[in-house]
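Per our numbering, the sequence shown runs over residues 434 to 1118.
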Amino acid sequence: MINKTQLNDYGNMTSRILGVIAGENTFCETGKRMDFQRNRGNEFYEWPYPVKYDKTTHVYTDVLVIGGGLAGASAGIRAAKRGVKVAVCDKAPIKKSGCGGAGMDHWNTVLECPGSPITTEENIERSKDTGLNHRNYIAEKGTWDALLELEKLGLNIRDDLDEFKGAATRDEESKLLKAYDYREMVSVKLHGGNYIKPVLYEGLIDYGAELYERIMVTSLLTNHGKQGADVVGATGFSLETGEFYVFHAKAVIISTGYACSMWIYNMEITGNSYRWDPNEIGEGLAMAWMAGADVYNMHKAGSTKGNTPFAWPRFGVGNPANTWFPCSMVDNNGKEIPWEDIQGNILKNVHDRNYPAKGQPYIGSKKSDNMPGIDQANLIHNLAEKIRDGEYELPFWADLAGMPEDERRSIWGVMIGNEGKSRFTLYDLYTRSGFDPEKDMLMAPIELPENYMKFGAWFHGEPDVVKPWRTENGGQGEIACDWKLMTNVPGLFVAGASGGLEGCSFAVSSGFYAADRAADYVKDANEGAVSEKQLAAEKQRVYAPVKRNGRKEAYISWKELWGGICRVMQQCCGEYKTIPILKQGLVWLDSIKNTEGQMTYARNPHELARVLECDTRFTVASIFLNACISKIENEEFMMSGDGYLFNRLDGDKILTIKKEKEYWLKGQNAPSYKENYLRYQKRSE
């Protein structure tokens, strides 16, 4: 951060910020107990809860929601409103859990709002080559209604206090603040986005959903314990007391997010620079896989797309993109860097950056007629050349102070002030440290000139310093689903990123939709039989690390085990993949699981959860490796673009399943997106 009038004098403020970041509280583990060290003192405390490993609690419900983030909380509310009994389970306090737990700055793709420039059907047609689009259609179709539902629950989404009256960002009729595109209402700045999870939490309470917090779900239960049979519930344990939970349910909705931290084993460094919640490890993916569900998109493991987790704090440095769009940037001499539209025309003022180019339906549209792949205005495309020839001098600075007052307040106050990754760790912290957006500027990370525009002016940190296989930006693993958002395992539904529907608006919209379909399903579902054999085996697996505690041979910590798994992925699922390399990874994983994995210990329920997360990582890592093998073995099919590749666990065999292109509009499905959507929507009504 630097004062605009003092480009070369920023050391004092930097030291002040770093002093606040360092903090005074530290956490440590010593001996055979969980110890907390406070304010550098020597006060230690025993585990604060009674430990009840031998207790089993049975919970009976119609719909069980695993994961209480945006998607899961929304699913819980809708299921309760539909009159079915619902339980929502989360490892964390639901009021602040998940990727959106700390807030959200904007709500994307409200194409069903009045006056939309394009229909959802037209938008899907423009983006028909981007994956399993029936899921995207479902989510897009419901985003506007989902936003209005949140408003009914108490979320402030409008500029009711007229703070932006007359500003280009505001739609005067609705008082909504438009994000990115000021001509069309396609994305909305969430004026009260910081409170989205507390609002959903209160909604769960008001509608009578049963909440099970700090409960780690470990496996799905299927009818008579048979893989691929109807889901009949799940198992878990308390992270406080350690007691075992058996959830009996007619339908289960998985909303646990992506599989992250598979290549990275340093949580302390990666936390605030991470794109997703680094606590997401793919637990829903792993348990769905073990139950026989199809998974998709995991062959993209080790994507080389940017956003290294070892970058600067996300949104905490000078940046003209995403939450900072369309912030002005200046070089080290205060010279402003020009912007251009998607046709290469130089834009003369700040507000022009927020308007679509001629022929473009809206900013952010998946595809524009006769236009290049970029979808919004950006810094000049030849910026690297101009840096190298000396026209612009590094470092660059985000010039909020030089922007129109309404845009400055919009970026720093509304967007940065409500985005979950920036509200507390950046907006509040920088403000307390003295940052003044009317006078100060933030430095952009120093990168190779070519990298400033390599990923669309996303100034997040040098992408080539850390190997690309550590980025985890692409191929996080998705559970495949049909038009009901149900998997091939009857009664097992997905919502949010677990089903490939990432982002605030898609998570909430798909949560509502999945709950509607689950509520319909349980009306006709018979109660299945829980297998005592399956329960006994899961109990034995869950508590094995506790029983090993104190034994001489049990000396491997969960962190060491996690590090070993990540090393396998770095070596055998990196930038260069061959079948022998991938198979070696599977052998290596199996070796670690059967040796070091049996030497781990847990001294309390907290450590037990961390060890079992490593069990999940073993499963997810093997899915990644097998999916990559499947891709290579079916390279001709994949290169043809004629269909999609899925993987499924069948006993101890890995099946590869091929489906034809746009299979969701063929066979027993209707030939159009809208017909399929209405087919299931009408039943709920």
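From the three backbone atoms N, C-alpha and C, an ideal C-beta is built for every residue, glycine too.
Alpha carbon to alpha carbon, how far is valine 498 from leucine 1098? Give it in angstroms, no decimals.
28 Å
By DSSP, does serine 412 sit in helix, in strand, or in coil?
With the chain covering 434 to 1118 only, the question about residue 412 has no answer from this structure.
How many whole angstroms separate the CB atoms of tryptophan 480 and asparagine 1037, which I take to be in contact at a CB cut-off of 8 Å?
5 Å
Reducing DSSP to helix, strand and coil, say where asparagine 1109 ends up.
In this structure, asparagine 1109 counts as helix in the three-state DSSP scheme.
Are the stretch 537-554 and the stretch 669-687 touching by the rule of at least three beta carbon pairs closer than 8 Å?
no
From aspartate 578 to glycine 777, what does the alpha carbon distance come to, in whole angstroms?
36 Å
Quick check on this structure: which residue in Ser1105, His681, Thr1011 has the alpha carbon closest to the alpha carbon of isoleucine 1065?
Thr1011
Put methionine 537 into one of helix, strand or coil per three-state DSSP.
coil
Could you name the residues of the same chain whose beta carbon sits closer than 7 Å to that of histidine 624, not counting the 5 residues immediately before and after it, in chain order?
Shown here for histidine 624: same chain residues with a beta carbon closer than 7 Å to its own, the five before and five after excluded, namely Asn589, Ile590, Arg591, Asp592, Leu610, Val847 in chain order.
Drop a sphere of 10 angstroms on the beta-carbon of alanine 600, count the other beta-carbons inside from all chains shown, and report buried for 16 or more, exposed for fewer.
Answer is buried; the Cβ neighbour count reaches 16.
Looking at C-beta atoms only, is the number of pairs between the stretch 637-649 and the stretch 515-524 that lie closer than 8 Å three or more?
Contact holds: three or more Cβ-Cβ distances are below 8 Å.
Would the stretch 967-974 count as touching the stretch 1015-1022 if we require 3 or more Cβ pairs under 8 Å?
no
Sorted by chain position, which residues of the same chain lie with C-beta nearer than 7 Å to leucine 718's C-beta, five sequence neighbours on each side aside?
Ala692, Val728, Gly910, Ile912, Ser931, Val1053
Whole-angstrom distance between leucine 644 and tryptophan 540, CA atom to CA atom:
26 Å
DSSP state of leucine 1125, grouped into three classes?
Given a span of 434 to 1118 for the chain in the structure shown, any question on residue 1125 remains unanswerable.
Taking 8 Å as the limit between beta carbons, can you name the residues of its chain near arginine 568, skipping five residues before and five after?
Cys914, Leu918, Gly932, Gly933, Leu934, Ser943
For glutamate 1093: DSSP bridge partner residues:
Gly1076
Should the stretch 983-993 be regarded as contacting the stretch 479-493, the criterion being three or more beta carbon pairs within less than 8 Å?
no
Check whether the stretch 500-516 touches the stretch 937-955, counting contact only when three or more Cβ pairs, one atom from each stretch, lie closer than 8 Å.
yes
Take alanine 684 and list the residues in its own chain whose beta-carbon comes closer than 6 Å to its own, dropping the five residues that flank it on each side.
Counting only Cβ-Cβ distances below 6 Å, and skipping sequence neighbours, we find Val496, Gly924, Ala951, Tyr954, Val955.
Give every residue of the same chain whose Cβ lies closer than 8 Å to the Cβ of tyrosine 988, excluding the five residues on either side of it in the sequence, and list them in chain order.
Met1032, Tyr1034
Using a Cβ-Cβ cut-off of 7 Å (strictly less than) and excluding sequence neighbours within five positions of glycine 1076, which residues of its own chain qualify?
Phe1070, Lys1091, Lys1092, Glu1093, Lys1094
Using the three-state DSSP reduction, which class does tyrosine 678 fall into: helix, strand or coil?
strand
Between which residues of its own chain and lysine 1086 is the CB-CB distance below 7 Å, once the five residues before and five after are set aside?
none
When DSSP labels each residue in this structure, what does isoleucine 775 get in the three-state scheme?
In the displayed model, isoleucine 775 falls within coil according to three-state DSSP, outside both helix and strand.
Reduced DSSP category for tyrosine 729 - H, G, I as helix; E, B as strand; rest coil:
strand
Please report the straight-line C-alpha distance between glycine 853 and glycine 575, rounded to a whole angstrom.
So the two alpha carbons sit approximately 22 Å from each other.
Quick one: what does DSSP say isoleucine 879 is sitting in, helix, strand or coil?
coil
Tell me the start and end of each unbroken beta strand (DSSP E) in the stretch 590-657 that is at least 3 residues and wholly inside, in chain order.
609-611, 643-646, 648-655
Under three-state DSSP, which class holds methionine 762?
Three-state DSSP puts methionine 762 in a strand.
Could you check the C-alpha separation between lysine 791 and glycine 797 for me, to the nearest Å?
14 Å
In angstroms with no decimal places, state the Cα-to-Cα distance between leucine 1111 and arginine 821.
So the two alpha carbons sit approximately 56 Å from each other.
Determine the DSSP secondary structure at aspartate 495, reduced to helix, strand or coil.
coil
Alpha helix (DSSP H) containing phenylalanine 939: first to last residue?
Per DSSP, the unbroken alpha helix (DSSP H) holding phenylalanine 939 starts and ends at 937-957.
Leucine 1058: which of Ser607, Val1001, Ile687 sits nearest, CA to CA?
Val1001
Beta-carbon within less than 6 Å of aspartate 832's beta-carbon, same chain only, minus the 5 sequence neighbours each way: which residues are those?
Ser761, Val763, Met874
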